[in-house]
Amino acid sequence: MTIMNEDECATFMDAPSWALEFPSRGTYIRFCKNEPLLEVLRSIKNGSSEWAYRYVTLCYAGSANSGILLYPLQDSEAPYFDFRYGASVDPRQVLRPLLERFPQCCILDWSRGRQACLEAVGADVELLAEIMQEIAGLLWGEQSHLVDGWYEEMGRA
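Next comes the structure, spelled out in structure tokens:
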């Protein structure tokens, strides 16, 4: 994966408009554009220690409907993420095929018409990418594997 240099990042500081639906704790910094989802997740998981303090927002390249907020991934045995969920029906019904195919997944929380949170116990980055891709297909009709990414740096205690 090609990480954007400082000059390129300065051009893309603003997060996409849908990112405002996720709780913001700081400034969004764009770190990738049109990169394969799996490569982005590998880069985060295997990256340097600063990724342990970054919340990552992903959207499928060119899509106005997609949105994933990935919580810190390093050292996590149960990765979890929020995703845009515009329906008023319980996501467990809409995502039934995914939840049956991946029994280690569960919906932790959801907000009607806004977002839902999914946990994937024991998922490695390959499985996590597969789960995210299936959600993108089921909810947003997304077939692309290319994403744009932003991160927020979290404070350390």
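Residues are numbered in the working numbering as their position in the sequence shown, beginning at 1, plus a constant of 10. We put the beta carbon where it would ideally sit given N, CA and C, even for glycine.
- Tell me, which residues are paired with Arg40 by DSSP? Mapped onto the sequence shown, residue 40 falls at position 30. Per DSSP, Trp160.
- Going straight from the alpha carbon of Tyr65 to that of Ile141, what length do you get? Taking the first residue of the sequence shown as 1, we reach residue 65 at position 55. Taking the first residue of the sequence shown as 1, we reach residue 141 at position 131. Each residue's Cα considered, the two are about 19 Å apart.
- Message: Tell me the DSSP secondary structure of Glu136 in three-state form.
- Response: The residue labelled residue 136 in the question sits at position 126 within the sequence shown. DSSP places Glu136 in helix when its eight states are reduced to three.
- Please determine, among Gln153, Leu83, Ile39, Asn44, the residue with the shortest C-alpha to C-alpha distance to Ser58. On the sequence shown, position 48 is the one that residue 58 refers to. Cα-wise, what sits closest to Ser58 is Leu83.
- Task: Quick one: grab the DSSP three-state call for Arg124.
- Result: By 1-based counting over the sequence shown, the position of residue 124 is 114. If DSSP states are grouped into helix, strand and coil, Arg124 belongs with coil.
- Task: Determine, using beta carbons only, whether Leu44 and Trp150 come nearer to each other than 8 Å.
- Result: Locating residue 44 in the sequence shown gives position 34, where the first residue counts as 1. Locating residue 150 in the sequence shown gives position 140, where the first residue counts as 1. Reading off the sequence, residue 44 comes out as Asn, not Leu. Not closer than 8 Å, so no.
- May I ask you to report which of helix, strand or coil DSSP gives Ala146? Here residue 146 corresponds to residue number 136 of the sequence shown, with the count starting at 1. Residue state, collapsed to three classes: helix.
- Cα separation between Pro113 and Leu128? Here residue 113 is taken as the residue at index 103 of the sequence shown, counted from 1. Here residue 128 is taken as the residue at index 118 of the sequence shown, counted from 1. Computed Cα separation, rounded: 12 Å.
- Output the distance between the C-alpha atoms of Asp158 and Phe41, rounded to the nearest integer angstrom. Position 148 of the sequence shown, counted from the start, is the residue given in the question as residue 158. Position 31 of the sequence shown, counted from the start, is the residue given in the question as residue 41. Taking the straight line from one Cα to the other gives about 8 Å.
- With a floor of 4 residues, list each alpha helix (DSSP H) that falls wholly inside the stretch 89 to 114, ordered by position along the chain. Complete alpha helix (DSSP H) runs here, min 4: 101 to 104, 106 to 111.
- Item | C-alpha distance - Glu49 paired with Trp160, whole-angstrom precision | Taking the sequence shown and counting its residues from 1, the one referred to as residue 49 is at position 39. Taking the sequence shown and counting its residues from 1, the one referred to as residue 160 is at position 150. Taking the straight line joining both Cα atoms gives about 15 Å.
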